[in-house]
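Okay, so the first sequence: first residue is 1096 according to the working numbering, each after it adds one.
A virtual CB, placed ideally from N, CA and C, is assigned to each residue, including glycine.
To start, the structure itself, in structure tokens.
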Amino acid sequence: MNSPGIFNLIKSSSGGKARAGELATAHGKVTTPVFCPVASQGTVKTMTPDEIREIGFEMLLANTYHLYLRPGIEVVEKMGGLHNFMGWDKAILTDSGGYQVFSLSRLRRVSDEGVVFRSHLDGSEHLITPESAVRYQESLGGDIIMVLDECPPHDESYDKVKEATHRTHRWAEKCLKTHSSNQSLFAIVQGGVSAELRRESAEYLASLDFPGYAIGGLSIGEAKQVTLDMVEKTVSHLPVNKPRYLMGVGSPEDIVEGVYRGIDIFDSALPTRVARNGALFTRQGRVNIRNAGFSLMEQPVDPDCNCYSCRTFSAAYLHHLFNARELLAYRLATIHNLTFIKRLMEDISRAISEDSFDSFRTEFLAGYRTTNEQVRLEQKRKWLKRRA
RNA sequence: GGAGGGGUGCCGGAGUGGUUAAUCGGAACAGACUGUAAAUCUGUCGCCCUGACGGGCUACGCAGGUUCGAAUCCUGCUCCCUCCA
């Protein structure tokens, strides 16, 4: 089973939907469930590829939109492709730029042809089409590439979501038609928070026989229970023998819940972004290293962690680095959070192979304190409003 | 000795009669961040009571005074700064 693009399902939970597998790529085998750190601009912020490899990650996510604008697709191509350019010889998954249709929505116009958007860098206007999105990704040379999709806001009207979902379907067909490399092209299910649209989207895309399926348009401001519900409603209509990728989801509790519902691949900027802002993962929940309580703590932030940061430094030192805004703070925190996630993935894999994932999940969630949902959504709303 | 300027909340610094518990920074304290326009953003920030609305008290160097009302005007005291001798 070594030809690139082949997904090999190794083990499924006897009671539930969690599963373990392997994904073959031209840049090595990827063990699933897998988490991909985000390297939008060809770098996991603050980390060297060696450090990422040492922590144990097998696949990264890079972004076509960002690399297209800077340094430019041709530059990456001339520099020998993305792997060579960024010094990473394991697998790469590139996103099409579809998410930017959503996150930069003030700067874009969507039509059937594609998306006309304004560069957030210099305001210049560009058109990205399903066809060009595939061509760009073929030039970048990632191992898994994504169709161009339209990700509507979580509170968009049903009709608009339906329109975006159907457009995403048409684009998926165009991408499939354009695609000519041996990279794996994954489709993206949309459908917003409508179970009916999710089903329709999953069934339709499944009929096109892609080598993998992503679930997009979630965790963008809707309530957590809705996210999980939509994942369930989508997965149940996806083929069993193809990898399922839950895009943009990566908090520890969400990963556990995603695996529980049959997800194989995750990516998210959350672990690294949150790290740069002082939030560190522990098995008891997130902790803010900037809090005054850490100023004199001799032990590491997470005594159970064996990452470089926790092996080497006290919580007090990390607290100090953050307060002083020293650059090392961001690196040490990123190392910690990524190591935490990697270990979580290993624990999940082990639990699945031992057929004890359900109890692992129950225990993990019982011990992991999460933010009050109201507080979360309110701050999220403020953030989105501010961006509008 | 002479002339002038100034002392505002933890710090810097606005404000020159009422709408001022006092603009704005910073610090401090807490929170958010999920296919990265993010080393970003939000909230609190005199004291006491309240979950909140709200209420009470104390505040602009010190002491008096003018006024219905003063951080803002007047007098004295005190401390600091600049220039001239």
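Annotation for Arg1204: Val1210, Val1211, Phe1212 place their beta carbon closer than 8 Å to its own, counting only its chain and skipping 5 residues before and after. In the displayed model, Asp1244 falls within coil according to three-state DSSP, outside both helix and strand. For Ser1279, the uninterrupted beta strand (DSSP E) run begins and ends at 1279-1284, by DSSP. Between the stretch 1307-1325 and the stretch 1340-1347 there are three or more inter-stretch CB-CB distances shorter than 8 Å, so the stretches are counted as touching. DSSP places Tyr1463 in the coil class of the three-state scheme, outside both helix and strand.
Looking only at Phe1281, Tyr1299, Met1325, the smallest Cα-Cα distance to Ser1289 is reached by Met1325. For Arg1371, the closest of Gln1195, Leu1427, Arg1294, Glu1251 by C-alpha to C-alpha distance is Leu1427. Straight-line spacing of the CA atoms in Val1330 and Lys1124 works out to 24 Å. When only Cα atoms are considered, Tyr1194 and Glu1245 end up about 7 Å apart.
For Met1154, the uninterrupted beta strand (DSSP E) segment begins and ends at 1154-1158. If you ignore the 5 residues before and after Phe1455, its C-beta comes within less than 6 Å of the C-beta of Ala1446, all in its own chain and listed in chain order.
The secondary-structure analysis by DSSP pairs Gly1380 across a beta bridge with Thr1377, Arg1464. Put simply, the backbone Cα of Ser1252 is about 36 Å away from that of Phe1376. Considering only Ala1410, Leu1235, Asp1397, the residue with the shortest C-alpha distance to Ser1390 is Ala1410. Remark: C-beta atoms of Pro1347 and Leu1439 approach each other more closely than 9 Å. The distance from the Cβ of Thr1159 to that of Ala1228 is about 6 Å, consistent with a contact at the 8 Å cut-off. In this structure, the straight-line span from the alpha carbon of Asp1145 to that of Gln1285 is close to 35 Å.
Lys1257 and Lys1477 have their alpha carbons spaced roughly 26 Å apart. Here Glu1468 is exposed: its Cβ has fewer than 16 other Cβ atoms, across all protein chains shown, within 10 Å.
The C-alpha of Met1181 lies about 13 Å from the C-alpha of Lys1173. If one requires a minimum length of 4 residues, the alpha helix (DSSP H) runs lying completely within the stretch 1378-1456 are 1403-1407, 1410-1418, 1422-1448, in chain order.
DSSP places Asn1336 outside any beta strand (DSSP E), giving it a letter other than H or E. Ranked by Cα distance from Phe1102, the options Met1241, Gly1111, Thr1127 are led by Thr1127. In this structure, the straight-line span from the alpha carbon of Leu1472 to that of Gly1175 is close to 43 Å. Pairing Ile1105 with Ser1404 gives a Cβ-Cβ distance that is not under 9 Å. In this structure, DSSP gives Leu1104 an extended state, which the three-state scheme calls strand. Cβ neighbours of Leu1202 within its own chain (closer than 7 Å, five residues either side excluded): Phe1212, Arg1213, His1215. Under the three-state reduction of DSSP output, Ala1309 falls in the strand class. The bridge partners DSSP lists for Val1133 are Leu1156.
In the DSSP assignment, Gly1193 falls within the unbroken alpha helix (DSSP H) covering 1193-1198. Approximately 5 Å separates the beta-carbon atoms of Pro1225 and Cys1270; this is inside 8 Å, confirming the contact. Take the alpha-carbon of Leu1423 and the one of Arg1265: they are about 46 Å apart. Annotation for Arg1356: no alpha helix (DSSP H) segment contains it, and DSSP assigns it neither H nor E.
Note that the C-beta distance between His1221 and Tyr1163 is below 9 Å. Each of Lys1337, Glu1327, Ser1107, Lys1480 was checked against the Cα of Asp1304, and the nearest Cα belongs to Lys1337.
Counting only residues of its own chain and dropping the five nearest sequence neighbours on each side, Gly1353 has a CB closer than 7 Å to the CB of Val1326, Leu1341, Val1344, Phe1361.
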